[in-house]
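Residue numbers (our numbering), protein chains in the order written: chain R, 229 to 1112; chain X, 229 to 1112. The beta-carbon is built from N, C-alpha and C at its ideal position, and this holds for glycine as well. As the structure is a computational prediction, the values presented were derived from the model and not from experiment.
Number of protein chains: 2
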Amino acid sequence: MKWIYFFDEGNANMRLLLGGKGANLAEMTNLGLPVPPGFTITTEVCKLYLSDPSGTMEKLMPQVKNSIAELEKRIGRKFNDDTNMPLLVSVRSGAPASMPGMMDTILNVGLTKKLIPTLSKFTNLRFAMDSYRRLLQMFGKTVLSIQTLEEIFDEYKKHNNKKLDIELDTSDLEKIIELFEKEYENHGKFLPQDPIEQLKMSIETVFNSWNNERAKEYRRIYNIPEDWGTAVNVQAMVFGNMNDKSATGVAFTRNPSTGEKVLYGEYLVNAQGEDVVAGIRTPQSIIEMRDKWPETFEQLLKISEKLERHYKDMQDMEFTVEDGKLYMLQTRNGKRTAQASVKIATDLYKEGIINAEEMVMRVSTEEIEKLLHPQVDPNYKVKPIVKGLNASPGAAIGKVIFDSKLAAELGEKGEKVILVRPETNPDDIAGLARSQGVLTARGGMTSHAAVVARGMGKPAVVGAEEININLKEKYFSVKETIVREMDIISIDGSTGAVYVGEVKLIPPTLSKEFFELLDTADKISQIGVKANADTPEDAKKAFEYGAKGIGLCRTEHMFMAEERLPIMQEMIIANTKEERQIALDKLLPMQREDFYQIFKEMKGYPVVIRLLDPPLHEFLPKEEIINKKIEEAKKQDRKEEVEKYQKMLEKAESLKEANPMLGFRGCRLGIVYPEINEMQVRAIFEAAVKLHKEGQKVNPHIMVPLVGLQKEIEVVKEKLEEVAKKVLQENNVNLEYKFGTMIEVPRACLVANKIAEYVEFFSFGTNDLTQMTFGYSRDDAEAKFIPYYLENNILTHNPFQNLDTEGVGQLMKTAIERGRSVKNNLEVGICGEHGGDPKSIEFAYTIGVDYVSCSPFRVPVARLAAAQSTIKHSKKEVKLAETR
Amino acid sequence: MKWIYFFDEGNANMRLLLGGKGANLAEMTNLGLPVPPGFTITTEVCKLYLSDPSGTMEKLMPQVKNSIAELEKRIGRKFNDDTNMPLLVSVRSGAPASMPGMMDTILNVGLTKKLIPTLSKFTNLRFAMDSYRRLLQMFGKTVLSIQTLEEIFDEYKKHNNKKLDIELDTSDLEKIIELFEKEYENHGKFLPQDPIEQLKMSIETVFNSWNNERAKEYRRIYNIPEDWGTAVNVQAMVFGNMNDKSATGVAFTRNPSTGEKVLYGEYLVNAQGEDVVAGIRTPQSIIEMRDKWPETFEQLLKISEKLERHYKDMQDMEFTVEDGKLYMLQTRNGKRTAQASVKIATDLYKEGIINAEEMVMRVSTEEIEKLLHPQVDPNYKVKPIVKGLNASPGAAIGKVIFDSKLAAELGEKGEKVILVRPETNPDDIAGLARSQGVLTARGGMTSHAAVVARGMGKPAVVGAEEININLKEKYFSVKETIVREMDIISIDGSTGAVYVGEVKLIPPTLSKEFFELLDTADKISQIGVKANADTPEDAKKAFEYGAKGIGLCRTEHMFMAEERLPIMQEMIIANTKEERQIALDKLLPMQREDFYQIFKEMKGYPVVIRLLDPPLHEFLPKEEIINKKIEEAKKQDRKEEVEKYQKMLEKAESLKEANPMLGFRGCRLGIVYPEINEMQVRAIFEAAVKLHKEGQKVNPHIMVPLVGLQKEIEVVKEKLEEVAKKVLQENNVNLEYKFGTMIEVPRACLVANKIAEYVEFFSFGTNDLTQMTFGYSRDDAEAKFIPYYLENNILTHNPFQNLDTEGVGQLMKTAIERGRSVKNNLEVGICGEHGGDPKSIEFAYTIGVDYVSCSPFRVPVARLAAAQSTIKHSKKEVKLAETR
């Protein structure tokens, strides 16, 4: 096994072995880009190290020494050389998946006190001393765990009235170095004066940083395997802090916030390494470089285009300019906002860089979901208290929290909080993950807070420099306004605005690319998407979002409307069929109008209407309320009313159930009281006939709920089809229609062949099917034991969110096989909440489901998931986007 | 197709074509017994007739005429012969299944007015005239629907002070014939004076009687197919009413009430046909014949033995003696009481007439069930008000009802009624079927009431002649005692005693044959029987009834005991693990003692103990009760109690669930609060160790309820086995034990292979599995819609009574296959209520279940069902008992 690869020995496909950074440094080296030479110690070595540290180091170090010798040859500089410009190296972590800032890095390794004059000779004294100061500070903190150095440094600056690092002169640096050395002594530590020893300790530190707390937390959030390990990159240093012709910077090949095709980024003149990302100094925009250093800018632009074409995706690059010369230190697929993701994918497709399938795979369903989040109403009149940088779009509303740990705790409990910090660093990751959004006073568009928030899809406003944060007394102020911890604020990451209190939110405006992407997705998909919609408004929204029909129109909500409920109650408390019929006759025209409007909105696409499903007691007031009504009526001596409510009370009592979920509902109601279903079917067909006569196509599907027995569907269907035919005959109209059934009782799956004889479609009610297959009452289980089960890994996921493919899914598979064994053109859909869940959609596709139906707001997500499922399981191999 | 078979052309196996009576007449004829000659018109003809009456009769009658000609040749008598003894025939129904008295019979067909002198010449005038009177009466009622004739006849007798038919002399008969002829005229009807015409009309009447109301009702009760039809038997008449050397009678080859091996029956001298069965005259015991007509008796005894050996079962025979000569008119397997059934089957086995398998198949599980019904306590001190004949054993308690229709109505509603009638006839069948028992004033051991009650297994006391029934005023009296309709009485069909009010009942005494039968059954069975028992008392009863272990010991009932409930509640309202542990420590010794006693009773057989299953709120009082307790405690200023109940109220509220069946119960409890299960397992093993140390074998099986996820059983089992091992180690004892799981959640069936990895046995909780597979909450469904579903044939049976093999059964099959695919010696049981249902046991056997477990009182039923299932599905062919 090879433990060490020089950059020219690797390539971009070796990221599991070399880590993302190592693999990309190798790829760039082989592309002929100006990369300082270096080598990578593999992730395999890291794994060996973590199980046997000293044994592994013993075997590793001779190889490292050989590699340093080789490196010395290649670059023409040497470790410990006090006659020529000496070799310094950076030692950086680099895991197979991007974990920005989570693990350790040590720069300027190889510098010793005795080399300062030499370094000074070949550069300048201030640079040499600042480099040593940096090494002392970074090595001390990272390798030797001396946590006080930064404080000492900040103290010194404050005391001497110096704001920026570059304001420090050589005498300042000398004093700081002295202070640092004293502090080392206080800790009983020292900086090894042997470059190889420095290197060895740095490598060990990087290995160990795989298991620091924040890295573990990050892996948990992003599902990164614990056993991957990190590679270690040892690279010759180039110096962005050498002089004023030097700089360090970060650039994206396209705007990561909007997706616009422009070189985008920031740089800091005379600065080193982490200064940009850490957000300590607000850097200059890359655009300024065009004027100041036109040649360097031109070179960077060309490299940027080359890298993008090579990687077929937007790149996030790190570079350093040393005394006017450009070096590339890193490239990777850039994190981006959801909006940018859609724009970049569709643009790359239009530019011919990727094909349609690649475009569809490039955008994640989570991104689509984020785009559908509500936004701040642009007509909202209240003025923001401050404006910062619009670092990650979307609106967030929550309580102000200044402490990451507290934010994490409250967020865990379901409270909505906004993390407010001067700046963030990797230690804030848990708090960020559980906040609605983040607001910082310092840092730019590529600062830690901005990058992480974009990655998590959380709204972020950064660098709002007008706010003054008092962490001790827990408030921030903007001019006269004071906002205390637990006060509610709203932030708009799309505009950078910050508001006190709750702002008004409106549905998002969606870009033209958004719809282009989904239209292409639809062409690829082999599983359709419909919507669950009970009202004309929902139907309209569903149509706008691209639903090809309604997969579930629940009729019970129609009875809940204020003016209808009393009639519904009249129907329920009726003692005879005749009394019941009187109430039903009143409901008929109302239902007819509902259906008419919904059909109209759906413009001829199928509308699957589920007949009355919930237990009747859901339409009656609670018993204590009826009792109050009786008392009131008695007091006022309204005898008729007393009688009515007494009748209602009796009915409510007789309808009471121990387990209503498993009770007198669904088709059971329709069988015992057929006149209810008959009214509904009449309303449906009369509405359809009306629209048909007006010249619009209309396609009603009648769906019977909760069927478990062949006889149920046989009896119900025969009776109802009679009604349908009668209405059509009365009107002398011919219409396409279908009869079908919900499959939501486990037994229905087992006897699906018998049920299929009577229907043209199945629609899985996966909510109820999950409840009955698991024996979980959702209301009870999610409150009582599912959280415990998830925390303790008894359940790997909540089966009400992601379909349980192992249990419920197997029943569905059985149902489809059995159903189609007697009717091979049987149409099969899903209309539970899982219909909008990408993982569930993928499973549905694999078992032969024809369409999924979900809430209108999830239709775009489902459309993309449907296309991605089709692509993943098609024979054509599509190159998937690398982990970003 | 052959339409008509002479008796010598058929045999006993042709009952579907010739009907039971025709097939047995054929068989007897071929055995050389004295059977009057005749022929059978097949059931196929009946079916043709019912769809095309006139067309069928047109084709049938020429064949009937030919057959009459042949019959005339064989017997040497002729239709319409006024010079010799003329031929008269009986025309009798005879369906493939016995339907006693349900369809029509016409006797003396062929007699015309002009033949009276001829018949008189060859016999005597009184006989000739009585025969004509009978024909007029029977033909008039049955064929011509003149319903008034019997009334006229009874009126005449009353008016002329004649009690019995035989007291009527020739002048009486002449007058009666005149009255009958006048009544015929009043109805515009006449008796055809052509024998062939009489025969034709009689055949049509018998065909039509297949569809009369009482026949339909009978078929419904006994599940006899509607499309079988009845055969018609036309047979030369022999006359039991010819003179005093003539008689008609019924005999059983063994006592149908006790099973004792003696010729048993009754006869009436100088009487015809239906006089015995109708119960109008109380007949003489057959034993009297031995002294009076020794030769005839001897002949009958020999025939009886021959028939029994031939049919290998107890026979119910009809015979007629004509002028001293014995004729056999019918034989069939005799109806018998449950007690007799067991005795006869075991005796026939011991006599070598049938083998062990035949014996086991001969007794039905319903009969075993009846034997387990409670009986009147023999030490009961109250004196009966009257004693009648002990016609069908068992005790019945209910309201006196005099009208069959009312009895049927009330019985349907679930009220317990006892039908009290002077005598019963086939019109009473619906009322009888829905009564607890029957009491009649008239009729013997073979009267209609006696025969039908025995067939239905209902207690009957008949011929209690001391009771005077006043049907109009709705009471009966015995001496001074008056019992009105709706008063409660008790009858003891085993002794013939009738009591006013409710008697004390005790468990039944079971015969030695009962246990012999079941022991033989056990040897045949390839599926075991265990019992569900929660207490030492239940365990003891189960052991007595032959259970080979306990298949379900529910532990929750143990917590419900008065002194334990407060401790259980203390455990539930505990806020910390420590508080909970204090309560559990108090419960531990109590549970240990429970288990110790149960293990002791089971003498080393396996005891399957289910860990705590029900939701915790079941152990708390209802909220209104807690509220009352709080108020009380407040009034009396008991602060501690107020606090305690307030805590309890809070807990009760937090434990409240929308659908407790699908809520926080079963292993879900055990996972969230592992200390409860740990206490239980400790109690179990400490009890086992104690008994083991006392030298008794003990075999505990731990069963985890409501498992649906692999992780659940993994986590629970690992923790609990640790406890078990710890207790054994502490005591330095080694014991056989097993860990297993309930399979009662549909998902468990689907992932049975994953669950099986962790357990040694499965036990199907078919109650819950049925609830979840159907989506029926039993409490709600059985109250709300299952009755409607059963009435309207949406469900063919209640799935909580007979296992749903199509749905639930398929899940069970899947579970067994998947479970054994990873563990082929996995033990599988059933512990739902279906474990005691014979049909469900048969299904369980076919899918490879190892044992069923049922309530102790159903253990004998299950043992027989287990053996019968084994026999039915074994390759050996066992001749099953014919329908009786």
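Exercise. Sorted by chain position, which residues of the same chain lie with C-beta nearer than 7 Å to residue 1110/R's C-beta, five sequence neighbours on each side aside?
Worked result: Per-residue confidence for residue 1110/R stands at a pLDDT of 41, beneath the threshold of 50, marking its modelled position as unreliable; no derived number is given.
Exercise. Which residue from 963/X, 949/X and 737/X puts its Cα closest to that of residue 832/X?
Worked result: Measuring from the Cα of residue 832/X, the nearest candidate turns out to be 963/X.
For this session: Within 10 angstroms of the Cβ of residue 696/X, are there 16 or more other Cβ atoms? Answer buried if so, exposed if not.
Result: If you draw a 10 Å sphere on the C-beta of residue 696/X, you find fewer than 16 other C-beta atoms in it, and that means exposed.
Exercise. Taking Cβ positions only, does residue 810/X come closer than 8 Å to chain R?
Worked result: The C-beta of residue 810/X comes no closer than 8 Å to any C-beta of chain R.
Problem set entry | chain R contacts from the stretch 987-1011 of chain X (Cβ-Cβ distance under 8 Å) | For the stretch 987-1011 of chain X, the set of positions with a beta-carbon nearer than 8 Å to some beta-carbon of chain R reads 996, 999, 1000, 1001, 1002, 1003, 1004, 1005, 1007, 1008 and 1009 in chain order.
For this session: Using a Cβ cut-off of 9 Å, pull out every chain R residue sitting near residue 327/X, in sequence order please.
Result: Neighbourhood of residue 327/X in chain R, by CB distance below 9 Å: empty, with the nearest CB roughly 29 Å away.
Problem set entry | the stretch 1044-1064 of chain X touching the stretch 726-744 of chain X, judged by at least three CB pairs closer than 8 Å | Taking a contact to require three or more Cβ pairs closer than 8 Å, the stretch 1044-1064 of chain X and the stretch 726-744 of chain X do not qualify as touching.
For this session: Classify residue 988/R as helix, strand or coil using the three-state DSSP reduction.
Result: DSSP places residue 988/R in the coil class of the three-state scheme, outside both helix and strand.
Exercise. Near residue 724/X, what residues of its chain come up, given a Cβ to Cβ distance below 6 Å and the 5 sequence neighbours on each side ignored?
Worked result: Excluding residues up to 5 positions away in sequence, 615, 616, 617, 618 and 689 lie with their Cβ nearer than 6 Å to the Cβ of residue 724/X in the same chain.
Problem set entry | Rounded distance between the beta-carbons of residue 735/R and residue 606/R, thought under 8 Å | In fact, because the Cβ distance is near 12 Å, the residues do not count as touching under 8 Å.
For this session: Take every Cβ of the stretch 1063-1072 of chain R, pair it with every Cβ of the stretch 1002-1011 of chain R, and state whether three or more of those distances are shorter than 8 Å.
Result: The stretch 1063-1072 of chain R is not in contact with the stretch 1002-1011 of chain R.
For this session: Compare the beta carbon distance of residue 714/R and residue 797/R with 8 Å and say whether it is the shorter of the two.
Result: Not a contact, by the Cβ cut-off of 8 Å.
For this session: Hey, could you find the ends of the alpha helix (DSSP H) residue 351/R is sitting in?
Result: Bounds of any alpha helix (DSSP H) do not take in residue 351/R, whose DSSP letter is neither H nor E.
Problem set entry | chain R residues whose Cβ lies nearer than 9 Å to that of residue 890/X | One finds 887, 889, 890, 999, 1000, 1002, 1003, 1004, 1005, 1006, 1008 and 1009 in chain R with Cβ atoms closer than 9 Å to the Cβ of residue 890/X, taken in chain order.
Exercise. Is it buried or exposed for residue 361/X, if we count other Cβ within 10 angstroms and need 16 for buried?
Worked result: Buried.
For this session: For residue 542/X, count neighbouring Cβ atoms within 10 angstroms of its own Cβ and tell me buried if that reaches 16, exposed if not.
Result: Around the C-beta of residue 542/X, 16 or more other C-beta atoms lie within 10 Å, and the residue is accordingly described as buried.
Problem set entry | C-alpha gap between residue 515/X and residue 309/X, whole angstroms | Residue 515/X and residue 309/X: Cα-Cα distance of roughly 39 Å.
Problem set entry | Nonlocal neighbours in the same chain, by C-beta distance under 7 Å from residue 1106/X, ignoring five residues either side | Residue confidence is low: residue 1106/X scores 48 on pLDDT, short of 50, so the model does not pin down where it sits. No coordinate-derived value is stated.
For this session: Note down the Cα distance separating residue 293/X from residue 422/X, rounded to an integer number of angstroms.
Result: Taking the straight line from one Cα to the other gives about 13 Å.
Problem set entry | Element boundaries [beta strand (DSSP E), containing residue 781/R] | Following the DSSP letters along the chain, one finds residue 781/R inside the beta strand (DSSP E) bounded by residues 778-782.
Exercise. Near residue 812/R, which residues of its chain fall below 7 Å by C-beta distance, leaving aside the five closest residues on each side in sequence?
Worked result: Hits under 7 Å: 799, 903, 904 and 907.
Exercise. Roughly how many whole angstroms lie between the Cα atoms of residue 706/X and residue 679/X?
Worked result: Here the C-alpha atom of residue 706/X lies approximately 25 Å from the C-alpha atom of residue 679/X.
Problem set entry | Within 7 Å of chain X by C-beta, residues of the stretch 959-987 of chain R in sequence order | Residues passing the 7 Å Cβ filter: 973, 974, 975, 978 and 979.
Exercise. Of all Cβ atoms in chain R, is any one closer than 8 Å to the Cβ of residue 941/X?
Worked result: Not an interface residue.
Exercise. If you compare alpha carbons, which of 250/X, 556/X, 537/X and 509/X is closest to residue 527/X?
Worked result: When 250/X, 556/X, 537/X and 509/X are compared, the shortest CA-CA separation from residue 527/X is found for 556/X.
For this session: Determine, using beta carbons only, whether residue 936/R comes closer than 8 Å to chain X.
Result: Among the residues facing chain X, residue 936/R is included, as its CB has a counterpart in that chain under 8 Å away.
For this session: Would you identify the three-state DSSP class for residue 306/R, choosing helix, strand or coil?
Result: Note: residue 306/R maps to strand in three-state DSSP.
Exercise. Pick from 328/R, 398/R, 340/R and 891/R: whose alpha carbon is nearest that of residue 358/R?
Worked result: Taking only the C-alpha atoms, the option nearest residue 358/R is 398/R.
For this session: For residue 870/R, name the three-state secondary structure that DSSP assigns.
Result: DSSP places residue 870/R in helix when its eight states are reduced to three.
For this session: Less than 8 Å between the CB atoms is what I'm expecting for residue 461/R and residue 320/R, so what's the real figure, rounded?
Result: Yes, they are in contact, since the Cβ atoms of residue 461/R and residue 320/R sit about 5 Å apart, within 8 Å.
Exercise. Helix, strand or coil: which one does DSSP assign to residue 247/R?
Worked result: DSSP places residue 247/R in helix when its eight states are reduced to three.
Exercise. Is DSSP giving residue 509/X helix, strand or coil here?
Worked result: Reduced to three states, the DSSP call for residue 509/X is coil.
Exercise. Shorter than 8 Å from the beta carbon of residue 1039/R to some beta carbon of chain X?
Worked result: Under the Cβ distance rule, residue 1039/R counts among the residues neighbouring chain X, one pair being separated by less than 8 Å.
Problem set entry | CA-to-CA distance, residue 452/R to residue 446/R, given in whole angstroms | Taking the straight line from one Cα to the other gives about 8 Å.
For this session: With a 10 Å radius around its C-beta and 16 neighbouring C-beta atoms as the bar for buried, classify residue 1035/R as buried or exposed.
Result: Answer is buried; the Cβ neighbour count reaches 16.
Problem set entry | Beta-carbon gap between residue 1051/R and residue 984/R smaller than 8 Å | Residue 984/R sits close to residue 1051/R, with the two beta carbons spaced by under 8 Å.
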